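Each remark here refers to the structure printed beneath this line.
Number of protein chains: 6
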Amino acid sequence: MPTLATKSSPDSAEAIERAEVAVLPTGSTEQHGPALPLGMDHYAARAFAQEAATDDAVLALPTIPVGVSPHHMQFDGSLTVSPETFAAYVRETIESLATHGLRKVIVVNGHGGNIDALSQVARELRASETAYAPTWNWWDAVEDLADDLFDEAGGHADAAESSLVWHLHEEYVDPDALEAAEADGADAWGERVHGANVGFDTIDFTESGAVGKPTQASPEKGEQLFDEAATALSALADWLAERPIDDCWQRAHK
Amino acid sequence: MPTLATKSSPDSAEAIERAEVAVLPTGSTEQHGPALPLGMDHYAARAFAQEAATDDAVLALPTIPVGVSPHHMQFDGSLTVSPETFAAYVRETIESLATHGLRKVIVVNGHGGNIDALSQVARELRASETAYAPTWNWWDAVEDLADDLFDEAGGHADAAESSLVWHLHEEYVDPDALEAAEADGADAWGERVHGANVGFDTIDFTESGAVGKPTQASPEKGEQLFDEAATALSALADWLAERPIDDCWQRAHK
Amino acid sequence: MPTLATKSSPDSAEAIERAEVAVLPTGSTEQHGPALPLGMDHYAARAFAQEAATDDAVLALPTIPVGVSPHHMQFDGSLTVSPETFAAYVRETIESLATHGLRKVIVVNGHGGNIDALSQVARELRASETAYAPTWNWWDAVEDLADDLFDEAGGHADAAESSLVWHLHEEYVDPDALEAAEADGADAWGERVHGANVGFDTIDFTESGAVGKPTQASPEKGEQLFDEAATALSALADWLAERPIDDCWQRAHK
Amino acid sequence: MPTLATKSSPDSAEAIERAEVAVLPTGSTEQHGPALPLGMDHYAARAFAQEAATDDAVLALPTIPVGVSPHHMQFDGSLTVSPETFAAYVRETIESLATHGLRKVIVVNGHGGNIDALSQVARELRASETAYAPTWNWWDAVEDLADDLFDEAGGHADAAESSLVWHLHEEYVDPDALEAAEADGADAWGERVHGANVGFDTIDFTESGAVGKPTQASPEKGEQLFDEAATALSALADWLAERPIDDCWQRAHK
Amino acid sequence: MPTLATKSSPDSAEAIERAEVAVLPTGSTEQHGPALPLGMDHYAARAFAQEAATDDAVLALPTIPVGVSPHHMQFDGSLTVSPETFAAYVRETIESLATHGLRKVIVVNGHGGNIDALSQVARELRASETAYAPTWNWWDAVEDLADDLFDEAGGHADAAESSLVWHLHEEYVDPDALEAAEADGADAWGERVHGANVGFDTIDFTESGAVGKPTQASPEKGEQLFDEAATALSALADWLAERPIDDCWQRAHK
Amino acid sequence: MPTLATKSSPDSAEAIERAEVAVLPTGSTEQHGPALPLGMDHYAARAFAQEAATDDAVLALPTIPVGVSPHHMQFDGSLTVSPETFAAYVRETIESLATHGLRKVIVVNGHGGNIDALSQVARELRASETAYAPTWNWWDAVEDLADDLFDEAGGHADAAESSLVWHLHEEYVDPDALEAAEADGADAWGERVHGANVGFDTIDFTESGAVGKPTQASPEKGEQLFDEAATALSALADWLAERPIDDCWQRAHK
C-alpha cells in the first residue's frame with residue numbers, strides 16, 4: 024500500500040513520481056455519543072484513504088487526528104483546535120508535499136466541522152497554483168444509499184456514522200448504547216427559530232450528543248456505505264489523475 | 024426609525040436602554056450577473072434591518088457593505104475582504120456596541136459567502152459572554168414560499184434574489200438581461216464529481232454569474248418574499264427580546 | 024451618478040474602464056457630543072464621495088461606516104474597530120478593486136482617528152504597486168475658510184463639523200444642544216503637560232465630547248465648507264486622473 | 024490500553040477521571056536517509072506513548088504526525104509545518120483536554136526539530152495554569168545506554184534511531200541501505216566555523232541525510248533502547264502523577 | 024545615574040522601589056541628510072533619558088535604536104521595522120518592567136515616525152491597567168524656543184535637529200554638508216495637493232533628505248534646545264511622579 | 024570604527040560598499056544573579072561587535088538590548104519580549120540593511136534565550152535569499168578555553184560570564200556578591216527527571232539566579248576569554264567575507 028510515511032526518502036521519490044494523486048485524511052477526536060468512539064471521524068478518513076491507496080497511482084499521507092470541534096467541547100473527551108490552526112496545519116502539509124512535485128491532493132475528510140477551513144485552504148492553494156486540493160466528505164458520496172438504508176435526517180453519530188464505524192472498528196462500538204444515543208438525541212441538527220440557527224453547540228439541541236436514528240445502524244449497512252463511498256473516492260482519484268493540472272488552476276479574470 | 028448612527032450620543036443612550044435587540048446588516052458588493060446590481064446583498068440586508076427597526080425595541084446598526092467574495096473575483100466590479108478581516112470587522116463592531124449594554128444582536132445577512140465567518144464570530148462572542156449574535160439569512164426564512172413561487176435549485180442571482188432586489192431597487196435592475204443571465208447561467212451551485220465539490224469559484228460553473236432561473240422573477244414575487252422574510256425577522260427579534268440573556272450564553276460542561 | 028454598487032457586473036466593467044479615479048468614503052460611528060449624530064464622519068465622507076462622483080471620471084465605492092474610535096468609547100453609542108482591522112478592511116477593498124484595473128483611489132475620510140491606519144494602507148498599496156490611494160480629509164481642504172468662519176482651535180464636534188452636518192443632515196442635528204456641547208466641552212484637543220500628550224481619550228479633556236466652539240455653527244457656513252471642500256476634492260481627482268500611474272509609484276532607491 | 028480516541032465520550036469521562044497523566048505523541052514525517060522510513064519520529068513517539076498507556080493512570084492521545092522539519096525539505100518526501108503552526112496545534116490540543124480536567128501531560132516527542140516549539144508551548148500552558156506539559160525526548164532518556172552501544176556522535180538517522188525503528192517496524196527498514204547512509208552521511212550534526220553554526224539544513228552537511236554510524240544498528244540494540252526509554256517514561260509518569268498540580272505551576276515573583 | 028541595565032537584579036529591586044518613573048528612549052537609525060548621523064534620533068532620545076535619570080526618582084531603560092522608518096528607505100543606511108513590530112517590542116518591554124512594580128513610564132522619543140505606534144501602545148497599556156506610558160517628543164517641548172532660534176517650518180534634519188546633535192555628538196556631524204542639505208532639501212514636510220498628502224516618502228519631496236533650514240544650526244543653539252527640553256522632561260517626570268496611579272488609568276464609561 | 028549609526032547617509036553608502044560583513048549585536052536585559060549587571064548579555068554582544076568592526080570590512084549595527092527572557096521574570100529587573108517579537112525586530116532590521124546591498128550579517132549574540140528565535144530568522148532570511156545571517160554565540164567560540172579556566176558545568180552568570188563582564192565593565196560588577204551567587208545557585212542548568220526537563224524557569228533550580236561557579240571568575244580570565252572569542256569572531260568574519268554569496272544560499276532540492 025503506498026503510504027508515504029512507511030517509505031524511505033529515496034523510495035518516496037519514486038512513489039511520488041509514480042503517484043498521480045495524494046490523499047490526506049482529516050478527521051477529529053470528539054464526542055460521538057455514548058456508543059461510538061471519539062476517534063470516529065479520523066478513523067473513517069484514514070480507512071478511506073488507505074482503501075484508495077491500494078495502487079501506485081494514489082499515495083496516502085499521514086492522518087490528521089484533531090479537527091475543528093469547538094461545538095462539542097461540553098462533552099467529555101472532545102479535543103479541538105481553532106479553524107485557523109487546523110487550516111494552517113493542513114495547508115502547510117500540502118505545501119510541503121507540493122515542493123516534491125505532487126500537486127493534486129484529495130483531502131479525505133471525516134468531520135463536518137472541518138469543512139469551512141478546508142474550503143479556505145483549497146481556495147488558497149489553488150489561487151497560488153501550489154496545489155489543487157478539493158475536499159471529499161464520505162457522506163456526500165453516499166447520499167442516495169443512506170436515504171435508502173435509513174429513515175433519518177441525521178447529522179452526527181447517526182445511523183450512517185454508527186454503521187460505518189461498526190463495520191470498521193467493531194471493537195470500539197457499544198451497540199447497547201445506541202438506544203440511549205437515540206432516545207436522548209435530536210432528530211435534526213441545530214435549533215432553528217424563524218430562519219435563524221440559534222443553537223451553536225451540539226449540547227444546545229442533543230443531550231446524548233447524537234443527532235439522527237442510530238438504532239437503525241448495523242455493521243452490514245456500514246460495509247455497504249464503505250464500499251460505495253470507497254468506489255466513489257476511487258473514481259474521483261481517477262478523474263483527478265486524468266485532469267491536466269493546468270485545468271485545475273483558477274480561471275483567469277473574465 | 025431607531026437607527027444608531029442618526030442619533031446623538033446622549034440620545035443613543037436612551038435608544039440603547041429602550042432597545043432589546045440590535046440588527047447589524049451585512050452583505051457584499053459582488054457580481055450578481057448581468058441584470059442585478061453588485062450591491063444586491065447589502066441592499067437586501069439593509070432593507071430588512073430598517074424594516075425590523077421600526078419600533079423602539081430594535082435598533083439598526085450601520086450596514087457593512089463589503090463581504091467575503093473571493094469566489095466572484097473573476098467577474099468585474101466584485102469586491103472582497105478575507106474571512107479573517109470580515110470576521111474581525113463584524114466582531115469588533117458588536118463588541119463595542121456591547122460595552123454600552125446591548126448584548127443581543129441579530130446579524131441580518133444578505134450574502135452566503137459571509138456565513139462561515141459569521142458563525143465563527145457568533146461562537147466567539149457567545150463563548151466570552153460578550154454578546155449573543157446569531158446570523159439570520161433572509162433566504163432561510165422563506166424557503167417554503169420560494170419553493171412555491173419558483174421552480175429552481177438556485178443559489179445566486181436566481182429568481183428569488185432577482186425578485187427581491189427588483190422590489191427594493193427597481194432602478195438598479197435590468198429586466199432585459201434576466202434572460203441572458205439564465206441562458207448563460209447554471210442550474211445549481213458548484214461542480215460536483217463523485218461526491219467532491221471541485222468548483223471553487225462561480226466562474227467554474229456559470230458564465231453569466233447567475234445560478235438558478237432568474238427569468239421567473241418579478242417585483243410582485245419580490246414583495247411577497249420581502250414581507251414574509253420581514254415578518255420572520257420581526258418574530259425572531261421578539262423571540263430574542265424575550266429570551267433571558269443568561270439562557271443565551273453557552274451551556275456549561277456536561 | 025457613477026456608484027459601483029448600483030451597477031451590474033458588466034456595466035461596472037464599462038464604468039471602471041471610463042473612470043480614472045475611485046473614491047472610497049471612510050468614517051466612523053462615534054460620539055459627536057449632544058448635538059450631532061454618531062454617524063457624522065461617515066455621513067460627511069459619503070456626501071463628499073457622492074458629490075465627486077457626478078461624472079464618469081470618478082467612481083464611488085461603498086461607504087465604510089465604522090472606524091478607529093477607541094478614544095470615544097466612554098461615550099454612549101460609539102462603535103470602534105482596531106486600527107489593524109480597519110486597515111485590513113480598507114486595504115483589501117482597494118486591492119480587490121485594483122484587480123479589475125482601477126488603481127487610483129482617493130480615500131475620502133471623515134474621521135481623524137482613521138488617519139494613521141489609512142497612511143499605512145496607502146504606503147503598503149503603493150510599495151507593492153497595487154494601487155495609489157492617498158487619503159483626503161475634508162477639513163484639510165478648508166483650513167483657510169474655517170479660520171475665516173470660526174474662532175476656534177477645534178478638533179471634534181466643533182463649529183466646522185457642526186456646520187457641515189447641519190447642512191447635510193439637518194434632521195439629525197439638535198441645534199438646542201450646541202450650547203451645552205460648547206459649555207461642557209474643551210477649547211482644544213488633548214491634554215498637554217510639559218510637551219507630552221497625557222490625555223488619550225476624549226473624556227480625559229471634554230465632558231460633553233465636543234472640542235471647539237460649536238455655537239458658532241450654522242447650516243449656511245456648512246454649505247460654504249461643503250462647496251469649498253468638494254471643489255478641492257474635484258480638483259484633486261482631476262490632478263490624479265492626469266498623473267501617469269508610473270509617477271504614482273514609489274521612487275527607486277537613491 | 025487507555026487510548027482516548029477509542030473510547031466513547033462517557034467512557035472517556037471515566038478514563039480521564041482515573042488517569043493521572045496524558046501522553047501526547049509528537050513526531051515528524053521527514054527524510055531519515057535511505058534506510059529508514061519517513062515516519063520514523065512519529066512511529067517512535069507513538070510506540071512509547073502506547074507502551075506508557077498500559078494501565079489506567081496514563082491516557083494516550085492521538086499522534087501528531089507532521090512536525091517542524093524545514094531543514095529536511097531538500098530531501099524527497101519530507102513534510103513540514105512552521106513552528107508557529109505546530110505549536111498552536113499542540114497547544115490547543117492540550118488546552119482542550121485540560122477543559123475536561125486532565126492537566127498533566129507528557130509530550131512524548133520523537134523529533135529534535137520540534138523541541139523549540141514544544142518548550143514554548145509548555146511555558147505558555149504553565150504560565151496560564153492551563154496544563155503542565157513537559158517534553159520528553161526518548162533519546163535524552165537513554166544517553167548512557169546509547170554511549171555504551173554505539174560509537175557515534177550521531178544526531179539523525181544514526182545507529183540509535185536505526186536500531187529503534189528496526190525493532191519497532193522491521194518491515195519499513197532497509198538494512199542493506201545502512202551502509203550507504205553512513206558512507207554518504209556526516210559524523211556530526213551541523214557545520215561549525217569559528218564557533219558559529221553555518222549549516223542550517225541537513226543537506227548542508229550530509230548527502231545521504233544521515234548523521235552518525237547507522238551501520239552499528241541492530242534490532243536487538245533497538246529493543247534495549249526501547250525498553251530502557253520506556254522504563255524511564257513510565258518512571259516519569261509516576262513522578263508526575265504524584266506531584267501535586269500546585270507544585271507544577273510557575274513560581275511567584277521572587 | 025540610575026540606569027537599569029547597569030544594576031544587578033537585587034540592586035534593581037531597590038532602584039525600582041525608589042523610582043517613581045521610568046524613561047524608555049526610542050529612536051531610529053535612518054537618513055538625516057548628508058550632515059547628520061543616521062543614529063540622530065536614538066542618540067537624542069538616549070541623551071534626554073540619561074539626563075532625566077540623574078536622581079533616584081527616574082530610572083533609565085535601554086535605548087531602542089531602530090524605529091519605524093519605511094519612508095526613508097530610498098536613502099542609504101536607513102533601517103526600519105514595521106509599526107507592528109516596533110509597537111510589540113516597546114509594549115512588551117514596558118509590560119515586563121511593570122511586572123516588577125514600576126507602572127509609570129515616559130517614552131522619550133526622538134523619531135516622528137514612531138509616534139503612531141507609540142500612541143497605540145500607550146492606549147493599550149493604559150486600557151489594561153498595565154502601565155501608563157505617555158510619549159514625550161523632545162521637539163514638542165521646545166516649540167517656542169525653536170521658533171525664536173530658527174526661521175524654518177522644518178521637520179527632518181532641520182536646524183533644530185542639526186543643532187541638537189551637533190551639541191550632543193559633534194564628532195558625528197559634518198558642518199560642511201549643512202549647506203548641501205539645505206540646498207537640495209525641502210522647505211516643508213510632505214507634498215500637499217488640494218488638501219491631500221500625496222508624498223508618502225521623504226524622497227518624494229527632498230533630494231538631500233533634509234527638510235528645513237539646517238544652515239541656521241549651531242551647537243550653541245543645540246545646547247539651548249537640550250537644556251530647555253531636558254527641563255521640561257524633568258518637570259514631566261515630577262508631574263507624573265506625583266500623579267496617583269489611579270488617576271492615570273482610563274476613565275470609566277460615562 | 025565603522026559603526027553604521029555614527030555615519031551620515033552618504034557616508035554609510037561608502038561604508039556599506041566597502042564592508043563585506045555586518046555585525047548585529049543582540050543580547051538581553053535580565054537577571055544575572057547578585058553580582059553581575061542586568062545588561063550583561065547585551066554588553067558582551069556590543070563589545071564583541073565593536074571589536075570586530077575595527078577595519079572597513081566589518082560594519083557594526085546598533086545593539087538590540089532586550090531579548091527573549093521569560094524564564095527570568097521572577098527575578099527583579101528582568102525585561103523580556105516574546106520570541107515572535109524579538110525575531111521580527113531582528114529580521115526586519117537585517118532585511119532593511121539588505122536593501123542597501125549588504126547581505127552578509129553575523130548576529131553576535133550574548134543570550135542563550137535568543138538562539139531559537141535567531142535560528143528561525145536566519146533560516147527565513149536565507150530561504151528568501153534576503154541575507155545570510157548565522158548566529159555567533161561568544162561562549163561557543165571559547166569552549167576549550169573555558170574548560171581549561173573553570174571547573175563548572177555553568178550556564179548562566181557562571182564563572183565565564185562573570186569573568187567576561189568583569190573585564191569589560193568592572194564598574195558594574197560586585198565581586199563581593201559572587202560567593203552568594205554561587206552558594207545559592209545551581210551546579211547545572213535545568214531540572215531533569217527521567218530524561219525530561221521539568222524546570223522551565225531559572226527560579227525552578229536556582230535561588231540566586233546563577234548557575235555555575237562564579238567564584239572562579241577573575242577579570243584576567245575575562246580578558247583571555249574576550250581575546251580568544253574576538254579572534255574567533257574576526258576569523259569568522261574573514262571566512263564569511265570570502266565566501267561567495269551564492270554559496271551562502273539554501274541548496275536546491277536534491
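Residue numbers (the working numbering), protein chains in the order written: chain A, 24 to 277; chain C, 24 to 277; chain X, 24 to 277; chain B, 24 to 277; chain V, 24 to 277; chain R, 24 to 277. From the three backbone atoms N, C-alpha and C, an ideal C-beta is built for every residue, glycine too. For clarity, every value in this text was computed on a predicted model and none was experimentally measured.
Per the DSSP calculation, A:P48 is bridged to which residue(s)?
Start at 1 with the first residue of the first sequence, and residue 48 of chain A comes out as number 25. Bridge partners of A:P48: A:V131.
Verify the CB distance criterion: does X:D139 have a CB-CB separation below 8 Å to chain V?
Taking the first residue of the third sequence as position 1, residue 139 of chain X is located at position 116. Yes, contact with chain V.
Pull up the distance between the alpha-carbon of V:V128 and that of V:G135, whole angstroms please.
To locate residue 128 of chain V, count along the fifth sequence from 1; it is residue 105. To locate residue 135 of chain V, count along the fifth sequence from 1; it is residue 112. If I take the Cα positions, the gap works out to 19 Å.
Please confirm if the stretch 197-214 of chain C is in contact with the stretch 236-244 of chain A, defined as three or more CB-CB distances below 8 Å between the two stretches.
Short answer: they don't touch.
Please state whether DSSP places B:V188 in a helix, a strand or coil.
Here residue 188 of chain B refers to the residue found at position 165 of the fourth sequence. Note: B:V188 maps to helix in three-state DSSP.
Shorter than 8 Å from the beta carbon of V:L102 to some beta carbon of chain R?
Along the fifth sequence, one-based indexing puts residue 102 of chain V at 79. So, interface residue.
Taking only beta carbons into account, state which residues of the stretch 73-89 of chain V come closer than 8 Å to chain R, listed in chain order.
L84, P85, T86, I87, P88 and V89
Could you spell out the range, first to last residue, of the alpha helix (DSSP H) harbouring R:W262?
Indexing the sixth sequence from 1 puts residue 262 of chain R at position 239. Looking at the DSSP string, the run of the alpha helix (DSSP H) that includes R:W262 is P242 to E265.
With DSSP as the reference, identify every bridge partner of A:H123, one or two as the case may be.
The residue labelled residue 123 of chain A in the question sits at position 100 within the first sequence. DSSP lists no partner for A:H123.
Taking the CB atoms as reference points, tell me whether X:F71 and X:V131 lie closer together than 8 Å.
Residue numbering aside, residue 71 of chain X sits at position 48 when the third sequence is read from its first letter. Residue numbering aside, residue 131 of chain X sits at position 108 when the third sequence is read from its first letter. A contact, by the Cβ cut-off of 8 Å.
For the beta strand (DSSP E) that contains X:A2, what are its first and last residues?
One cannot answer for residue 2 of chain X here, as it falls past the ends of chain X, which runs 24 to 277.
Any beta-carbon of chain B closer than 8 Å to the one on A:P57?
The residue given as residue 57 of chain A occupies position 34 in the first sequence. Interface residue, yes.
I think B:V188 touches B:P60, with their Cβ atoms under 8 Å apart; what is that distance to the nearest whole Å?
On the fourth sequence, position 165 is the one that residue 188 of chain B refers to. On the fourth sequence, position 37 is the one that residue 60 of chain B refers to. Indeed they touch by this definition, with Cβ atoms about 7 Å apart.
Which residues does DSSP list as the beta-bridge partners of A:R215?
Stepping through the first sequence from its first residue, residue 215 of chain A is reached at position 192. In the DSSP output, where bridge partners are listed per residue, A:R215 has A:N220.
When DSSP builds the beta bridges, which residues end up paired with R:T116?
The residue you call residue 116 of chain R lines up with position 93 of the sixth sequence. Partner(s): none; R:T116 has no beta bridge.
Chain C partners of A:K277, CB-CB under 8 Å?
Position 254 of the first sequence holds residue 277 of chain A. Under the 8 Å cutoff, chain C gives Q97, F98, D99 and I226.
Which residue or residues does DSSP assign as beta-bridge partners of R:V89?
Locating residue 89 of chain R in the sixth sequence gives position 66, where the first residue counts as 1. Its beta-bridge partners do not exist; DSSP assigns none.
Tell me which residues of the stretch 263-276 of chain C have at least one Cβ-Cβ distance to chain A shorter than 9 Å, keeping chain order.
L263, R266, C271, Q273, R274, A275 and H276
Does chain C have any CB closer than 8 Å to the CB of A:P11?
Coverage of chain A is limited to positions 24 through 277, which leaves residue 11 of chain A absent and any answer about it impossible.
Please state the DSSP three-state secondary structure of B:L82.
In the fourth sequence, the residue the question calls residue 82 of chain B occupies position 59. Strand, per DSSP.
Which residues in chain B have a C-beta closer than 7 Å to the C-beta of R:D223? List them in chain order.
The residue you call residue 223 of chain R lines up with position 200 of the sixth sequence. According to the sequence shown, residue 223 of chain R is Phe rather than Asp. For R:F223, the neighbours in chain B by C-beta distance under 7 Å run, in chain order, A145, R146 and R149.
Strictly by DSSP, which residues pair up with C:V234?
Translated into positions along the second sequence, residue 234 of chain C becomes position 211. Answer is C:H179 and C:A209, bridged to C:V234.
Among the residues of its own chain, which have a CB less than 6 Å from the CB of R:I87, if the five just before and after it don't count?
Working through the sixth sequence from its first residue, we reach residue 87 of chain R at position 64. Only T49 meet the Cβ criterion.
According to DSSP, is A:W159 helix, strand or coil?
Numbered from its first residue, the first sequence carries residue 159 of chain A at position 136. Here A:W159 sits in strand by DSSP.
How is the alpha helix (DSSP H) around A:A38 delimited, first residue to last?
As a working mapping, residue 38 of chain A is identified with position 15 in the first sequence. S32 to R41 is the extent of the alpha helix (DSSP H) around A:A38.
Would you mind reading off the limits of the alpha helix (DSSP H) that contains V:F98?
Within the fifth sequence, residue 98 of chain V is the residue found at index 75, counting from 1. Per DSSP, V:F98 belongs to no alpha helix (DSSP H) and is neither H nor E.
Does the stretch 29-46 of chain V touch the stretch 70-85 of chain B, meaning 3 or more C-beta pairs lie closer than 8 Å?
no
What are the boundary residues of the alpha helix (DSSP H) that includes B:F71?
The residue you call residue 71 of chain B lines up with position 48 of the fourth sequence. Counted as a single uninterrupted DSSP element, the alpha helix (DSSP H) harbouring B:F71 occupies residues M63 to A75.
Beta-carbon within less than 7 Å of X:A176's beta-carbon, same chain only, minus the 5 sequence neighbours each way: which residues are those?
As a first step, residue 176 of chain X must be located in the third sequence, where it is residue number 153. Cβ neighbours of X:A176 beyond the five flanking positions: D210, A211 and G235.
Using a Cβ-Cβ cut-off of less than 9 Å, list which residues of the stretch 186-219 of chain R approach chain B; keep chain order.
R215, V216, H217, G218 and A219
Could you list which residues in chain R have their beta carbon closer than 8 Å to that of V:L248, in chain order?
Here residue 248 of chain V corresponds to residue number 225 of the fifth sequence, with the count starting at 1. Neighbours of V:L248 on chain R: none; closest Cβ ~20 Å, over 8 Å.
Please compile the residues from chain V whose C-beta is within a distance smaller than 8 Å of the C-beta of R:I39.
Here residue 39 of chain R corresponds to residue number 16 of the sixth sequence, with the count starting at 1. The contacting residues are D99 and G100.
Could you check whether C:S119 and X:T103 sit closer than 8 Å to each other, using their CB atoms as the reference points?
Numbered from its first residue, the third sequence carries residue 103 of chain X at position 80. Numbered from its first residue, the second sequence carries residue 119 of chain C at position 96. Contact: yes.
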